[in-house]
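Undergrad: Heads up: the protein sequence lines correspond to chains A and B, in order.
Count the first sequence with this note's numbering and you get residues 6 to 283, in order.
Count the second sequence with this note's numbering and you get residues 6 to 283, in order.
Think of the CB as a built atom: it goes at the ideal place given N, C-alpha and C, for glycine as much as any other residue.
2 protein chains.
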Amino acid sequence: MRKSPYFREFGIDASAIPAGPGRVPFSAAAAEVLEEFQPAVVSFHFGLPAPELLERVRRWGAKILSSATTVDEALWLEARGVDAVIAQGLEAGGHRGHFLSEDLGMQVGTFALVPQIVRAVKIPVIAAVGIADAKGVAAAMALGAAGVQIGTAYMLCAEATTSAVHRAALKSDAARVTALTNLFTGRPARGIVNRLMRELGPINPAAPAFPLATAAIAPLRAQAESLGSGEFSPLWAGQNASGCKEVPASLLTRELAGALEYALQHCDPGEAPQAARP
Amino acid sequence: MRKSPYFREFGIDASAIPAGPGRVPFSAAAAEVLEEFQPAVVSFHFGLPAPELLERVRRWGAKILSSATTVDEALWLEARGVDAVIAQGLEAGGHRGHFLSEDLGMQVGTFALVPQIVRAVKIPVIAAVGIADAKGVAAAMALGAAGVQIGTAYMLCAEATTSAVHRAALKSDAARVTALTNLFTGRPARGIVNRLMRELGPINPAAPAFPLATAAIAPLRAQAESLGSGEFSPLWAGQNASGCKEVPASLLTRELAGALEYALQHCDPGEAPQAARP
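1. In the structure shown, what three-state DSSP assignment does B/Ile22 receive?
2. Short of 7 angstroms Cβ to Cβ, which residues in the stretch 91-116 of chain B face chain A?
3. State the beta-bridge partners of A/Ser72 as determined by DSSP.
4. So which residues on chain B does A/Gln244 lean against when the C-beta distance must stay under 7 angstroms?
5. Just to confirm my understanding: we take B/Gly243, look at its own chain, exclude 5 residues before and 5 after, and list those with CB closer than 6 angstroms. What are they?
6. Rounded to whole angstroms, what's the CA-CA distance from B/Gln228 to B/Leu261? Just pull it up for me.
7. Are the Cβ atoms of A/Gly52 and A/Asp138 separated by less than 8 angstroms?
8. On the DSSP letters alone, give me the boundaries of the beta strand (DSSP E) that B/Arg195 sits inside.
9. Identify, in the order they occur along the chain, each residue of the same chain with its Cβ nearer than 8 angstroms to the Cβ of B/Ser9, setting aside the five sequence neighbours on each side.
10. Using a Cβ-based criterion (distance less than 7 angstroms to any ligand heavy atom), does B/Ser72 qualify as near the ligand MN?
11. For the stretch 199-233 of chain B, list every residue whose C-beta sits within 8 angstroms of some C-beta in chain A, in sequence order.
12. Does any residue of chain B have a CB that is nearer than 8 angstroms to the CB of A/Val126?
13. Decide if A/Lys176 is buried, meaning its Cβ has at least 16 other Cβ atoms within 10 Å, or exposed.
14. Answer yes or no: does any C-beta atom of chain A fall closer than 8 angstroms to that of B/Pro120?
15. When DSSP labels each residue in this structure, what does A/Thr190 get in the three-state scheme?
16. If you pair each beta-carbon of the stretch 165-181 of chain A with each one of the stretch 211-218 of chain A, do three or more pairs fall below 8 angstroms?
17. Run through chain A and tell me which residues come within less than 8 angstroms of B/Leu58, C-beta to C-beta.
18. If you run the structure through DSSP and keep just helix, strand and coil, what is A/Phe49?
19. Measure from the C-beta of B/Gly196 to each C-beta in chain A and report whether the shortest distance is under 8 angstroms.
20. Do A/Leu70 and A/Phe31 come within 8 angstroms of each other at the CB atom, strictly closer than that value?
21. Does the beta carbon of B/Gly191 come closer than 8 angstroms to any beta carbon on chain A?
22. What three-state label does DSSP hand A/Thr166 in the structure shown?
23. Which of helix, strand or coil does DSSP assign to B/Ala179?
24. Could you pull out every unbroken beta strand (DSSP E) segment of at least 3 residues lying fully inside the stretch 104-180 of chain B, listed in chain order?
25. What does the Cβ neighbour count give for B/Thr166, buried or exposed, with the cut at 16 atoms within 10 Å?
26. What residues of chain B sit near A/Ala137, judged by a beta carbon separation below 7 angstroms?
27. Run the CB neighbour count on A/Gly94, radius 10 Å, all protein chains shown included, and call it buried at 16 or more, exposed below.
28. List the residues of chain A that B/Leu185 touches, going by C-beta distances under 8 angstroms, in chain order.
29. Using 8 angstroms as the threshold, is the stretch 35-43 of chain B in touch with the stretch 114-133 of chain B, meaning 3 or more CB pairs across them?
30. Using CA coordinates, which residue listed in A/Pro253, A/Lys250 and A/Ala246 is at the minimum distance from B/Val113?
31. Sort B/Arg101, B/Ala92 and B/Ala145 by Cα distance to B/Val126 and report the nearest one.
32. So with Cβ pairs under 8 angstroms, would you call B/Gly149 a contact of chain A?
33. Tell me, please, which residues DSSP counts as bridged to A/Ala184.
34. Could you check the C-alpha separation between B/Leu240 and B/Val123 for me, to the nearest Å?
35. Helix, strand or coil for B/Gly243 per DSSP?
36. I'd like the list of long-range same chain contacts for A/Ala133, defined as Cβ closer than 6 angstroms, with 5 residues on each side in sequence excluded.
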């Protein structure tokens, strides 16, 4: 990436870039740590780990989840025995979970993805999709989801480790415009558009491969953030940040759970009159 | 576009390409024709016509609709007095209606778009979004839509002028994979991926500008279709063709209208318990 002008602008020594990956895949060492705590649910992203690692997680009785961005990925996950599949619509913030095809043009919006996965698999489908509030929960349930997974809406909660520049961006009008970008990690992820994304283009083939881009951008990001700027930081957010609230996470959870319960009781379109039975 | 190998393959004389645009914008001549019939609703795409043309349509009392693909476009349309705005999510089939920005990376999925437009404007919002069935109608209403606009689901109805190759594609597994393409008209539109899109790439900067690409592709398309092939035809479809039914349009309409009525009566998430009021 053409980062040197930025490094000059912020007085950064390029040799300060740390070596090595910014993330590591799930490993035997990680499984060993988890085994002690035996979490009831383990949710993977970018597909699934190797069969022997997956088996190890299953042995302590954990329910296994993973994300599908297409019907094909949902079928692939079901065939490998996941307990539920998370349908990740194109609207979702952060990293796309796609693993069978890299073609972003094939990625599907939630409204089309959820009902087609529900129809294709027998396991429960969790909608993860820029759900911002009670309306979003009710809509996801109407589409046939068994539950919802919500990220962006929690990012202003006190419990979230969202950085100061990230919080400021989420509260601003800038949050209305997001894009998929590979600049910050090397893999496409959705974030609020900032100066780096505007100037280099959000998807730039010159970005280091995942997950090496994280380290490459680290000194620039740190320097800019120390000056109060989020223009070089990954400002992950879904396409609907309007549900972000500065409330305790427990309060937001109770509100959304109330909507879930209401939707389950009142809002089953299966009960609507059926005129056409082809 | 590198079409000459295809022209050779199908024995087409390139001089057979008709000159001129495949579509013309709304004009005084078109308004004159419409004026005779005084349609109660006139729905525009790609923004709005010039103010004097719009005024002419308004004079016979027509309700004016147009599509918004972003919150900014919805606000722009509301400021120009449209009676309702159609929220066109990224899932929709056929031409994207975007008119304030050409940047496809900024296009928003229905699940995120509808509630944000509902919140931003005071006029009714119609969701147009790969709604395939009663579940989709209920979900759109839950997101705050005042109504829905449905295209793809009607394309197998007897009344639709859908071509034979297009019908075959909609009924096949191929309908599960769509992409935005500019190859067939010069503007990005969503269709089922076929050979032309695979081989040239769905978005190709060499495609003639809108609407000239229609004529450029016409002889190849006609020749391939005469051989029963849809590999060079625009196979417009939304990201959820699973609701297509070979039933009379009236039957499908009654089914979907029943779902709309049911959703209006039973499924208002505004009635769900509200825990968090920030």
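TA: According to the structure data:
1. Three-state DSSP puts B/Ile22 in coil, outside helix and strand.
2. Of all residues in the stretch 91-116 of chain B, those with a C-beta nearer than 7 angstroms to a C-beta of chain A are Gly94, Leu95, Glu96, Gly110, Met111, Val113, Gly114, Thr115 and Phe116, reading in chain order.
3. Note: A/Ser72 sits in a beta bridge opposite A/Ile91.
4. Listed by position along chain B, the residues whose Cβ is nearer than 7 angstroms to that of A/Gln244 are Val113, Gly114 and Ala117.
5. Taking B/Gly243 as the centre and dropping the five residues before and after it, the same chain places the C-beta of Glu96, Ala97, Gly98, Gly135 and Thr157 closer than 6 angstroms to its C-beta, in chain order.
6. Each residue's alpha carbon lies about 37 angstroms from the other.
7. In this structure, A/Asp138 does not lie closer than 8 angstroms to A/Gly52 by Cβ.
8. For B/Arg195, the uninterrupted beta strand (DSSP E) run begins and ends at Ala194 to Ile197, by DSSP.
9. Within the same chain, B/Ser9 has close Cβ partners Ala19.
10. Looking at this structure, you won't find the ligand MN or any other ligand, since it has none at all.
11. The residues in question are Pro207 and Ile208.
12. Answer no: the Cβ-Cβ gap between A/Val126 and chain B never drops below 8 angstroms.
13. Flag for A/Lys176 reads exposed.
14. Yes, contact with chain A.
15. A/Thr190 carries a coil assignment under DSSP once its states are collapsed to helix, strand and coil.
16. As far as the Cβ criterion goes, the stretch 165-181 of chain A does not touch the stretch 211-218 of chain A, which means the pair count is below three.
17. By Cβ distance, chain A contributes nothing, its closest Cβ being about 31 angstroms from B/Leu58, past 8 angstroms.
18. The three-state secondary structure of A/Phe49, taken from DSSP, is strand.
19. Closer than 8 angstroms: no.
20. No, Cβ-Cβ distance for A/Phe31 and A/Leu70 is not below 8 angstroms.
21. Answer no: the Cβ-Cβ gap between B/Gly191 and chain A never drops below 8 angstroms.
22. It is coil, neither helix nor strand.
23. Annotated three-state conformation of B/Ala179 is helix, per DSSP.
24. Taking 3 residues as the shortest admissible run, the stretch 104-180 of chain B contains the following complete beta strand (DSSP E) segments, listed from N- to C-terminal end: 130-133.
25. The residue in question, B/Thr166, is exposed, as its Cβ has fewer than 16 Cβ neighbours within 10 Å.
26. Chain B residues near A/Ala137: Pro120.
27. A residue is called buried when at least 16 other Cβ atoms come within 10 angstroms of its Cβ; A/Gly94 meets this threshold and is buried.
28. Neighbours of B/Leu185 on chain A, chain order: Gly110.
29. No, the stretch 35-43 of chain B is not in contact with the stretch 114-133 of chain B.
30. For the set A/Pro253, A/Lys250 and A/Ala246, the Cα lying nearest the Cα of B/Val113 is the one of A/Ala246.
31. Nearest option by C-alpha distance: B/Ala92.
32. For B/Gly149, the nearest CB of chain A lies under 8 angstroms from its own CB, placing it at the interface with that chain.
33. The partner list for A/Ala184 (beta bridge, DSSP) reads A/Gly196.
34. Their backbone Cα atoms lie some 31 angstroms apart in a straight line.
35. B/Gly243 falls in the coil class under three-state DSSP.
36. Within the same chain, A/Ala133 has close Cβ partners Ile91, Gln93, Ala97 and Gln154.
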